[in-house]
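A short write-up of the structure that comes next.
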Amino acid sequence: MFILSVFALSVTTISLDAQRRPPIHWVDGGGPVVVRPGEIFDFEARFFSDMPISNAHWWVSQGLDPLFVQTGSITPLGNLEANKIHTIKHRIIVPTNLPTQQYKGVLEIYHHKESGNQSVTVYPEVLKLTIYVMDAN
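For the numbering used here, count along the sequence shown from 1 and bump the result up by 219.
As structure tokens, then:
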């Protein structure tokens, strides 16, 4: 009888965790990347959404600003369908004078409100990115 009680409790816990799970799940794109100054790199990340997201956008944090020039600006994805894998593609042109070092940050998906309402919904599942800029030689 004790075993059944424990089992019921664990099922309830799993159920609650599933309800709190964020709607965005990253499929790929978070691995470390190595680039060289002057290189052109086609960045790609894919994610799955459990729910439709209207007026979806993406952005990267400031640590990646030298590589993703549009950091902090609105980068639209459009209206995303539920239960589908979506792809973000961005061409990175590594500046020739960019210091050789590690650049770290996150990529986030968010719903941008329409009709002049400036509030946004940011989904908590971020993609951690590390890009190493190495010496050209």
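C-beta: ideal position from N, C-alpha, C; glycine also.
Straight-line gap, residue i to residue j (C-alpha atoms, nearest Å)
i	j	result
THR351	ILE307	The residue you asked about is not Thr; residue 351 is Tyr in the sequence shown. Rounded to the nearest angstrom, the two C-alpha atoms are 20 Å apart.
THR315	GLU263	22 Å
GLY297	SER273	7 Å
ILE259	HIS305	23 Å
ILE311	VAL288	8 Å
PRO271	VAL313	34 Å
THR290	PRO242	Interpretation of THR290 is limited by its pLDDT of 49, a score under 50 that renders its predicted location unreliable; the figure taken from the coordinates is listed afterwards. Cα to Cα, the separation comes out at about 23 Å.
TYR322	MET353	11 Å
LEU302	ASP269	This sequence places Asn at residue 302; Leu is not what is there. Each residue's Cα considered, the two are about 5 Å apart.
TRP277	LEU299	12 Å
LYS332	LEU317	35 Å
PHE266	ALA355	32 Å
THR340	GLN320	33 Å
TYR329	HIS309	17 Å
GLY324	TYR342	16 Å
ASP261	LEU346	17 Å
Counted within 10 angstroms of its Cβ, other Cβ atoms place residue i as buried (16 or more) or exposed
i	result
ALA275	buried
GLY257	exposed
ALA237	With a pLDDT of 46 at ALA237, under the threshold of 50, the predicted position of this residue should be treated as unreliable, though the coordinate-derived value follows. Classification of ALA237: exposed, given that the 10 Å Cβ count is below 16.
Rounded Cβ spacing between residue i and residue j (contact assumed at less than 8 Å)
i	j	result
VAL279	LEU348	7 Å
TRP245	GLU327	Actually they are not in contact, since the Cβ atoms of TRP245 and GLU327 sit about 11 Å apart, beyond 8 Å.
Is it the case that the stretch 279-286 contacts the stretch 240-251, given that we only count it when at least three CB pairs across the two stretches are under 8 Å?
Verdict: no, contact absent.
Entirely enclosed beta strand (DSSP E) segments - the stretch 274-325, minimum 3 residues
Taking 3 residues as the shortest admissible run, the stretch 274-325 contains the following complete beta strand (DSSP E) segments, listed from N- to C-terminal end: 294-299 and 303-312.
Length at least 3, wholly inside the stretch 234-272: the beta strand (DSSP E) runs in chain order
For secondary structure counted as the beta strand (DSSP E) over 3 or more consecutive residues, the stretch 234-272 holds these complete runs in sequence order: 243-247, 252-254 and 259-268.
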